[in-house]
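Written out below as structure tokens is the structure these notes cover.
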Amino acid sequence: MRRIGFVCMGIGLLFGAAVHAQSNQALLDLLLRKGLISSQDVQEVKAQFDADLARTVEQYSKTKTASWVEKMTFYGDLRLRTDNISYEERFQKADRLQFRIRLRLGLDWKITDWATIGARVATGEGSPVSENQNLTDTFRKKPIQLDAAYVTLQLPHADWLKVTGGKMNNPIWQPRFISPLIYDPDVTPEGVAEQFTVKFGDNQQHRFFANLGQFAVKEFSSDSDDVYLFDFEAGAEWKVSRLTLTAAGGYYFTRHLANPGYKVGDSLNLGNTTVISAPSVTNYFADFKVAYARAETAWTISDKPFLGTPSVLTLGGEYLKNLTDAYKADTDGWSVQLVFGQARKKGQWQIGYQYKYLEADATWDAISDSDYGLGGTDRKGHIIRAIYNVQDWWQLVFTSFITQKISSRPNSIVHNQQGFAGENMLRLEFDTQFRF
């Protein structure tokens with residue numbers, strides 16, 4: 006037995022602690038041929054190595070990953086899009102066909118039970134309302150942008166309050182519109198937000214909520230007024246049997262948006278009234294003070310699926326009004342939407358219809374939906390979307406925007422929005438997207 010111990014020690018010195026089985030066998034065969042060990046010795050050595058290996062595997066299996074790694078959750082998605090835009094022939098405008106990609110990679114790090122750090126990067130060209138990247142420019146390398154970086158605190162014994170600071174996911178609740186009235190789905194505001202939630206009911210199934218946002222828009226190094234946006238929203242959610250109803254109202258306003266130092270152009274969206282303060286310098290006409298009311302109800306018609314998708318019917322609506330005295334007209338917006346089904350799992354599908362009417366100065370164009378028309382305000386029309394899940398992680402989406410320009414104001418010449426009230430435009434988007 007002592008000789009076997011020396012043999013094991015020799016093998017360990019030659020090959021290290023993690024000796025491969027194939028190397029072990031070759032060495033034992035050599036020692037056996039030289040007559041240095043017997044066949045019985047070989048079997049005993051192999052048995053001892055197997056036992057040592059089993060103990061090593063057991064030891065490593067019990068070794069925990071660092072706690073901070075276990076608390077991280079990584080996620081992402083990739084979307085490929087074909088985007089086709091066409092106009093009425095009588096307006097003699099060039100149609101467009103664009104191929105676009107969107108890649109997002111993010112993580113949530115739950116530091117403690119009451120603190121979470123979130124971060125995400127995405128493709129895009131720096132637009133506040135889009136992470137799309139056009140496939141163009143002779144195979145040029147595409148940039149990656151910081152899409153979100155924030156911390157959320159939800160202190161012990163105060164689970165009714167969450168405070169988030171940084172560049173964050175939008176904390177303001179909106180109905181799940183295909184095309185929202187105020188915020189593009191890709192907007193990630195920068196600043197501080199407080200979210201209050203109070204649950205009630207026999208099973209805590211109902212809730213009151215309030216979302217408050219104080220966002221920085223533009224900071225000037227010179228002696229000039231910085232630009233801010235403030236949004237205050239309150240609402241409630243009721244769940245009764247097969248019905249869930251969510252309703253909210255709110256008010257948002259900007260500060261110093263008309264500062265001559267703040268130029269129109271950070272966002273490609275257009276539509277608002279603007280002024281020329283200097284050669285080649287365009288500014289917003291005035292601040293926005295917008296009151297809004299919104300609601301959404303989801304009705305589970307049956308527990309049984311319909312053609313493979315959940316039998317859920319969702320109805321949403323919203324109205325807003327710009328109350329700023331400086332704007333004399335074109336200050337209303339409203340939308341309604343009807344959706345059937347849900348597309349979350351393999352084989353599920355969803356189809357929806359939305360009508361949207363958004364006058365030129367109803368809301369701030371820079372943060373509104375970039376896919377509606379050409380992005381921005383001053384359009385009305387119909388939106389149809391169909392979604393099908395090929396797999397849990399693979400989704401096909403088709404969206405059509407059939408819109409008209411509302412006013413005749415020449416407010417966005419570069420983006421072909423000038424004049425021609427009633428001008429029709431068709432935008433078709435075909436997406437295939439993958440979640441991971």
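FYI, this note's numbering numbers position 138 of the sequence shown as 143, with every residue one higher than the one before it.
No residue lacks a Cβ here, since even glycine has one placed at the ideal position from N, Cα and C.
- Excluding five sequence positions before and after A154, the CB atoms of its chain that fall closer than 6 Å to its own CB belong to A124, G171, K172, given in chain order.
- Around the beta carbon of R84, 16 or more other beta carbons sit within 10 angstroms, so the residue counts as buried.
- For F225, the CB contacts under 7 Å within the same chain, skipping 5 residues up- and downstream, are D231, G266 in chain order.
- Its chain contains L320, G357, Y358 as the residues whose beta carbon lies nearer than 7 Å to that of L343, once the 5 sequence neighbours on both sides are disregarded; these appear in chain order.
- Fully enclosed beta strand (DSSP E) runs of no fewer than 3 residues occupy 248 to 260 of the stretch 245 to 276, in order along the chain.
- Secondary structure note for S72: its alpha helix (DSSP H) is the uninterrupted segment 72 to 75.
- Distance check between I116 and each of H162, T314, V192, T78 places T78 closest, using alpha-carbon atoms only.
- In the structure shown, the three-state DSSP call for E94 is helix.
- Counting every other CB atom within 10 Å of its CB across the protein chains shown gives T314 a total of 16 or more, marking it as buried.
- L234 is positioned such that its CB atom lies no closer than 8 Å to that of G380.
- Between I122 and R390, the CB-CB gap reaches or exceeds 8 Å.
- K223 carries a strand assignment under DSSP once its states are collapsed to helix, strand and coil.
- Within the same chain, and ignoring the five residues on either side of K350 in sequence, the residues whose Cβ sits closer than 8 Å to its Cβ are N394, D397.
- Between K410 and D383 the beta-carbon gap is near 6 Å, inside 8 Å, which marks them as a contact.
- When beta bridges are read from the DSSP output, K294 appears opposite F258.
- Under the DSSP assignment, V317 falls in the beta strand (DSSP E) whose first and last residues are 314 to 327.
- Beta-bridge pairing by DSSP links F406 to I388, R432.
- The DSSP-derived three-state label of E199 is strand.
- Cβ-Cβ distances below 7 Å link T305 to R247, S316, V317 in the same chain, with the five nearest sequence neighbours on each side left out; the list follows chain order.
- R260 and T251 have their C-alpha atoms some 30 Å from each other.
- If the five residues before and after K76 are omitted, its C-beta is found closer than 8 Å to the C-beta atoms of W114, K115, I116, all from its own chain and listed in chain order.
- Between G218 and I177, the gap from beta carbon to beta carbon is short of 8 Å.
- For T169, the enclosing beta strand (DSSP E) begins and ends at 166 to 172.
- The three-state reading of DSSP puts E63 in helix, counting H, G and I together.
- Per DSSP, the unbroken beta strand (DSSP E) holding I356 starts and ends at 354 to 363.
- Judged by pairs of C-beta atoms under 8 Å, the stretch 271 to 291 does not touch the stretch 157 to 168, as fewer than three such pairs exist.
- Contact annotation, K294 with N327: C-beta distance approximately 7 Å; criterion of less than 8 Å satisfied.
- Distance between R101 and F406, taken at the CA atoms: about 14 Å.
- Buried is the label assigned to R432, since at least 16 other Cβ atoms lie within 10 Å of its Cβ.
- Between A253 and R181, the CB-CB gap reaches or exceeds 8 Å.
- The beta carbon of T249 is closer than 6 Å to those of A303 in its chain, skipping five residues each way along the sequence.
- Burial check for I90: the Cβ neighbour count within 10 Å reaches 16 or more, so the residue is buried.
- Ranked by Cα distance from Y92, the options Q159, G427, E63 are led by G427.
- Partner residues in a beta bridge of Y188, as assigned by DSSP, do not exist.
- Cβ neighbours of D337 within its own chain (closer than 7 Å, five residues either side excluded): K326, E364, A367.
- Burial of A348 is indicated by the presence of at least 16 other C-beta atoms within 10 angstroms of its C-beta.
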